[in-house]
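Colleague:
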Amino acid sequence: MKRAFQDILPDTEHRFDHFHLIKAQKETVRYLKNQKESALTDLIRLDEQMERAKAKSKGRTLSTKRAQASKNAAKTETLYRHVSTLSSWLQHDILQLPGHNPTDREMLFDFILEELSSVASESHRIKALVTSLTHQKSHLLSVSHVLNREFQQVASRYALTTQTVWDICSMTRYDIQSSCYHSQTDALASKLGERFEAIEDEVLKIMTETPRCSSMVENFNSRLRPYLDPRKQITAKSLNLIRFYLNHQVFLRSQHAYMQGKTPAEVLTGKTHPNWLEMLGFKRFKRTA
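Numbering (this note's numbering), first residue to last: 59 to 347.
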């Protein structure tokens, strides 16, 4: 995919998504959770066996196994909590658009990478995650530098420090009803006065207009792939028909309210259009009442 981007769009900045990294991270945490629960199940089973053995005055025969199982349960519990906490910080404090400035993100990223590396020998899953983080660091954090350039322009227009704009960006992580949001909003509003709302609107607009393109490409690819056969050559006529259909077919689902119940063409143009079959000159079948 990277090579395709470079060949087709050589002068376009490539912003990499964090979807696959977060997916791998969650799978690692889920694996460690299962390991922890399995160890706890083994400990409970040994406790039950030991109680039955004690009734026959043979409790000591399982003492060594029980001690090892207890140690393993504690170890897997500690490892799971440690990696789970680090993964949560990585996802919510570093990789999300609302957050810290690039310098702080890099420092936090390095800390998390160091902590994960210290326990990488405990699981092949953690080791693989550490390898991915090491190789993808610059790509994962590049979007924060994109935001930083935009925020520098906002800061220049309003005669502010770039960090103040980042503080507003970080504030948007919180739910608008939460006490954290209101406490930070009040502090920034008192500092910036009437300019606060205008600056906040600009920050929100910048984040909305800063997509991570690989997820967009993969989303489109998932819609296009069912109509392509790698064993057959597609004609220009067929490709144009597929393009027309995908542009004028209603989205099956979307998290964004402005896209729900609309086609890509309607979203882009802001104008409604007839059903794609009617646009091709066909008459749609309508069930009689």
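We treat Cβ as the ideally placed atom computed from N, Cα and C, and that holds for glycine. Here the structure is a predicted model, which is why all the values come from computation and not from measurement.
Whose CA, out of Ser-175, Ala-294, Gln-221 and Leu-299, lies closest to the CA of Asp-162?
Modeller: Within the sequence shown, the letter at position 104 stands for residue 162. For Asp-162, the nearest C-alpha among the options comes from Gln-221.
Colleague: Going by the beta-carbon positions, is the gap between Val-308 and Met-317 smaller than 7 angstroms?
Modeller: Mapped onto the sequence shown, residue 308 falls at position 250. Mapped onto the sequence shown, residue 317 falls at position 259. Not a contact, by the Cβ cut-off of 7 angstroms.
Colleague: For Phe-169, report the span of its alpha helix (DSSP H) as first-last.
Modeller: Here residue 169 refers to the residue found at position 111 of the sequence shown. Where Phe-169 is concerned, the enclosing alpha helix (DSSP H) stretches over 160-176.
Colleague: Secondary structure at Ser-237, three-state DSSP: helix, strand or coil?
Modeller: Along the sequence shown, one-based indexing puts residue 237 at 179. Looking at Ser-237 - three-state DSSP - the assignment turns out to be helix.
Colleague: Tell me the DSSP secondary structure of Glu-95 in three-state form.
Modeller: Working through the sequence shown from its first residue, we reach residue 95 at position 37. Here Glu-95 sits in helix by DSSP.
Colleague: Below 8 angstroms on the Cβ atoms is my contact criterion, and I expect Leu-198 with His-76 to pass it. Report the Cβ-Cβ distance as a whole number of Å.
Modeller: In the sequence shown, the residue the question calls residue 198 occupies position 140. In the sequence shown, the residue the question calls residue 76 occupies position 18. That pair is a contact at about 6 angstroms.
Colleague: Which two residues bound the contiguous alpha helix (DSSP H) that contains Asn-206?
Modeller: Against the sequence shown, residue 206 aligns to sequence position 148. Segment 182-215, the alpha helix (DSSP H) holding Asn-206.
Colleague: What residue does the alpha helix (DSSP H) around His-132 start on, and which one ends it?
Modeller: Here residue 132 refers to the residue found at position 74 when the sequence shown is read from its first residue. Reading off the sequence shown, one finds Ala at residue 132, where the question assumed His. Ala-132 -> alpha helix (DSSP H) spans 121-147.
Colleague: Buried or exposed: Cys-227, going by 16 or more other Cβ atoms within 10 Å of its Cβ?
Modeller: Residue 227 sits at position 169 when you count from the first residue of the sequence shown. Buried, since its Cβ has 16 or more Cβ neighbours within 10 Å.
Colleague: For the structure I just gave you, are there three or more beta carbon pairs, one from the region 233-245 and one from the region 121-130, closer than 8 angstroms?
Modeller: No: the two stretches stay apart, fewer than three of their Cβ pairs being nearer than 8 angstroms.
Colleague: Exposed or buried, what is Asp-225 when buried is set at 16 or more other beta-carbons lying within 10 Å of its beta-carbon?
Modeller: Your numbering for residue 225 matches position 167 in the sequence shown. Burial call: buried.
Colleague: Using alpha carbons as the reference points, say which of Leu-166, Val-212, Met-165 and Leu-187 lies closest to Ser-175.
Modeller: Residue mapping note: residue 175 aligns to position 117 of the sequence shown, counting from 1. Of Leu-166, Val-212, Met-165 and Leu-187, the residue nearest in Cα terms is Leu-187.
Colleague: Suppose the cutoff is 7 angstroms on Cβ atoms and the five residues either side in sequence are ignored; what does the same chain contact list for Glu-336 look like?
Modeller: Counted from its first residue, the sequence shown places residue 336 at position 278. So the qualifying residues of the chain are Arg-342.
Colleague: Return yes when the Cβ of Met-108 is within less than 7 angstroms of the Cβ of Leu-98, no when it is not.
Modeller: In the sequence shown, counting from the first residue as 1, residue 98 sits at position 40. In the sequence shown, counting from the first residue as 1, residue 108 sits at position 50. Not in contact: Leu-98 and Met-108 (Cβ atoms no closer than 7 angstroms).
Colleague: Assuming Leu-304 and Leu-282 make a contact with CB atoms under 8 angstroms, what is their CB distance in whole Å?
Modeller: Within the sequence shown, residue 304 is the residue found at index 246, counting from 1. Within the sequence shown, residue 282 is the residue found at index 224, counting from 1. The pair is a contact, with the Cβ atoms about 7 angstroms apart (cut-off 8 angstroms).
Colleague: Using the C-alpha atoms, what's the distance from Asn-279 back to Ile-66?
Modeller: Walking along the sequence shown from the start, residue 66 turns up at place 8. Walking along the sequence shown from the start, residue 279 turns up at place 221. One C-alpha to the other measures close to 16 angstroms.
Colleague: Grab me the residues of Glu-173's own chain with a C-beta within less than 6 angstroms of its C-beta, minus the 5 sequence neighbours each way, in chain order.
Modeller: As a position in the sequence shown, residue 173 is number 115, starting the count at 1. So the list reads Leu-144, once near-sequence residues are dropped.
Colleague: Leaving aside the five residues before and after Trp-147 along the sequence, list all residues of the same chain whose C-beta is less than 8 angstroms from its C-beta, in chain order.
Modeller: On the sequence shown, residue 147 is found 89 positions in, with the first residue counted as 1. Result list for Trp-147: Leu-166 and Ile-170, in chain order.
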